[in-house]
Structure formats: C-alpha cells, structure tokens
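In the working numbering, the protein residues as written are 2 to 384.
In what follows, a structure is listed as structure tokens, so that the remarks can point back to it.
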C-alpha cells in the first residue's frame with residue numbers, strides 16, 4: 002500500500018487562499034500525498050496569492066473565475082504546462098468543473114482518471130440541463146469515482162453503474178490541531194465574545210443554502226426566552242441578499258442585535274481557540290457536502306446540531322454525537338437548540354463522543370489510505 006506512484010495531477014476549481022471546502026480539501030490532499038513521498042502537482046484557480054507549497058502549482062489565471070472555468074481549457078493546449086513527464090493518474094475535484102478536462106488529459110496521456118463529487122456538482126448541477134447531459138456522458142468514462150458523502154456516493158452508483166470503482170472518501174480532520182482548549186479571555190476581548198452566558202455558533206460562509214433564515218428565526222425565538230443567549234457568526238455572510246437579510250433582522254430586532262456577534266474569517270490555526278468559546282455549533286443547512294467546520298467542531302468536542310442533509314449523518318449518529326433534525330423546518334431546530342441549552346451535561350457528552358469518533362474514524366491517515374486504495378483500484382501503476 003505504501004508503494005509510491007511517480008506523479009499524480011490534481012485538478013480543482015478552487016485552491017487556497019480561497020477558504021471554501023473544495024480548496025481546503027484538495028490542498029490537504031496534495032500535502033498528504035507529498036508528505037508520503039508521492040510526487041504531486043496541483044492545477045486550479047485562486048483569488049489571490051498562494052500559500053507556500055512544497056509541490057508544483059499551476060494556475061491558468063490569478064484572478065477569481067467562474068467555478069467551471071477549468072472546463073473551458075482544452076487538453077491539447079495546456080498539457081505542455083505539466084512539469085516533467087506525464088502523470089501516472091489524474092484526479093479531478095468537483096465534477097462539472099474538472100471532469101471534461103481531466104478525461105481529455107487522461108486520454109491524451111493514456112492514464113487513469115479519478116473524479117470526485119463534492120456536493121453542488123451533483124445536488125445542484127443535475128438540475129441544470131446542459132450540465133446534467135455533460136455529467137451523464139462523462140461519468141461512465143472515469144476509471145473510478147468517489148463521493149465525499151455516502152449520499153453522493155450512492156447517487157454516483159445510480160448515475161454511472163458501469164463505472165468499475167465507486168468509493169466513499171470523506172474529508173478528515175487533524176485531531177491534534179483541532180482539540181479542546183482552555184478559553185482565552187484575551188481572544189474573547191479582542192473579538193467581542195461574551196465571557197458569560199450561553200454562546201452558540203455557526204462557522205463558515207453563511208447564506209440561505211446554509212440555513213441563514215432558519216438560524217436567525219430560531220435565535221430570535223430562543224433569545225427572547227433566555228436573556229443570556231448569544232449567537233456568534235464566525236466567517237463571512239455572503240454579500241447581496243444574504244447580507245441584506247441579516248441587516249434587516251438587526252433592524253427589526255434591535256434588542257437582539259448586540260447578542261448577534263459577527264466575527265470575520267480567522268486563520269485556520271486560530272479556529273480551535275474560537276471553538277472553545279462555543280457551547281454548541283449549529284449547521285441548519287438546506288444543502289451540504291461534507292462540512293469541514295462540522296468535523297472541526299466535533300474534533301474540538303463541541304456539541305453539534307445539524308440537519309439530515311449531505312454528510313452530517315455520516316458524522317453524527319442522532320443522540321450520540323449531536324442532534325440531527327429535518328431540513329427546511331424551524332420548529333425542530335428550536336426544539337433541538339433548547340434541548341442543548343437546558344441539558345448542558347447531555348450536550349457535553351455529545352461533544353466528547355464526537356471527538357472520539359473523529360479521532361477513531363476521520364483522521365488524515367484514514368483519508369490518505371482511502372485515496373491510495375482508490376487510486377490503486379483505478380489502475381494506478383506504482384513503482
């Protein structure tokens with residue numbers, strides 16, 4: 002299993018410093034492969050300066066581009082951009098953005114191609130006629146397919162039954178970095194975090210797809226009932242209608258506005274100290290892939306309330322590591338959050354169980370082994 006391939010090419014529509022889940026996942030994978038002595042090269046789009054990388058990175062442009070921009074590239078015109086001899090395997094992240102280019106490069110170099118579903122590339126794009134037609138045509142041509150959630154993996158099996166290898170490969174979390182920490186009063190003062198009372202939090206880019214409206218309504222209902230309750234929004238609220246909705250909520254609920262605390266996106270290394278201040282983490286998503294923030298929260302032993310969409314059921318067994326609720330519904334969210342508020346001992350037990358599960362089943366070592374096993378099944382030739 003530790004025999005090393007000569008080179009793997011990773012394709013992604015987003016790479017750091019983009020903070021999104023796809024960018025973080027492909028960067029983590031590239032580092033894992035490199036640290037195992039595997040030669041890896043990454044192609045992708047980035048909105049700014051790249052972090053230091055110990056492996057080659059090629060970007061068609063340094064300007065943020067539509068997520069499907071990689072699909073506009075022609076294999077014959079970009080193959081020469083690859084460093085050195087051709088790769089032994091190509092791995093495309095986010096189907097609608099990379100499948101066409103990955104398969105064309107695979108044919109050009111005569112190497113296996115792995116394609117990975119991440120969330121919107123199936124949940125949303127299957128409803129767009131042009132992209133649906135493209136996906137149905139391209140997926141069966143892959144040497145192997147993977148889904149970041151069990152649900153996506155099952156969808157792939159239905160959409161491409163002729164594909165010889167279809168495997169679930171979830172994200173991972175570094176439980177040494179994301180571990181319970183003592184609460185830092187200096188951090189609380191700097192970011193305006195209340196040092197008393199109950200603090201719930203959402204971590205990530207907040208928008209309607211992530212349950213923005215439901216989260217605000219649940220907070221409104223319970224904050225009027227419990228005067229010590231505050232809600233921390235850690236990350237960005239998407240500009241446009243989502244930001245306008247939050248501003249309207251503040252205007253209509255001026256008495257609650259001071260208890261609704263926005264904290265800008267923080268460096269990855271600083272997040273564990275922030276999780277330490279959260280008495281519960283809430284993910285009321287309407288659609289989801291596998292939220293890195295949920296893995297991080299669980300690894301930090303934070304109780305989680307989340308909807309039964311995407312990868313949340315892969316991470317949480319209802320009533321053991323957290324509470325799962327129906328999506329699109331306000332009342333179950335209110336009931337679950339009030340349960341956490343009124344029964345802190347139960348919530349603490351959920352958090353402790355969540356950390357044990359992350360350490361046991363969702364570590365970087367397991368993720369790397371899953372990828373290497375998939376690559377081998379796809380036909381990767383090793384030295």
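Backbone N, C-alpha and C fix where the C-beta goes; we use that ideal spot for every residue, glycine too.
None of these values were measured; they are calculated from a predicted model.
The alpha carbon of residue 106 has as its nearest neighbour, out of 83, 118 and 122, the alpha carbon of 83. In the three-state DSSP reduction, residue 293 falls in the helix class (H, G or I). Given a length threshold of 4 residues, each whole run of the alpha helix (DSSP H) inside the stretch 211-296 is given here in chain order: 213-224, 242-253 and 272-276.
Around residue 358, the same chain offers 322 as residues with beta carbons nearer than 6 angstroms, after the five sequence neighbours per side are excluded. Boundaries of the alpha helix (DSSP H) harbouring residue 335: 331-343, taken from the DSSP string. Taking 8 angstroms as the cut-off, the Cβ atoms of residue 276 and residue 289 do not count as close. For residue 7, no alpha helix (DSSP H) run applies, since DSSP gives it neither H nor E. Residue 137 sits exposed, since fewer than 16 C-beta atoms from the chains shown fall within 10 Å of its C-beta. Shortest Cα-Cα distance from residue 310 to any of 150, 368, 14 and 39 involves 150.
If the five residues before and after residue 280 are omitted, its C-beta is found closer than 6 angstroms to the C-beta atoms of 199 and 200, all from its own chain and listed in chain order. When the five nearest sequence neighbours on each side are left out, the beta carbons in the same chain lying within less than 8 angstroms of the beta carbon of residue 21 are those of 15 and 206, in order along the chain.
Rounded to the nearest angstrom, the gap between the Cα atoms of residue 263 and residue 183 is 22 angstroms.
Here residue 313 carries a helix assignment [DSSP, helix/strand/coil]. In the three-state reduction of the DSSP assignment, residue 129 falls in the coil class.
Counting along the chain, the unbroken beta strand (DSSP E) around residue 90 starts and ends at 90-94.
When secondary structure is reduced to three states using DSSP, residue 163 falls in the coil class, being assigned neither helix nor strand.
The beta carbon of residue 360 lies closer than 6 angstroms to those of 176 in the same chain, with the five residues before and after it left out. In the assembly as shown, residue 352 is a buried residue. Its beta-carbon has 16 or more other beta-carbons within 10 Å.
DSSP, read as helix, strand or coil, puts residue 79 in helix.
In the structure shown, residue 121 falls within a helical segment according to DSSP collapsed to helix, strand and coil.
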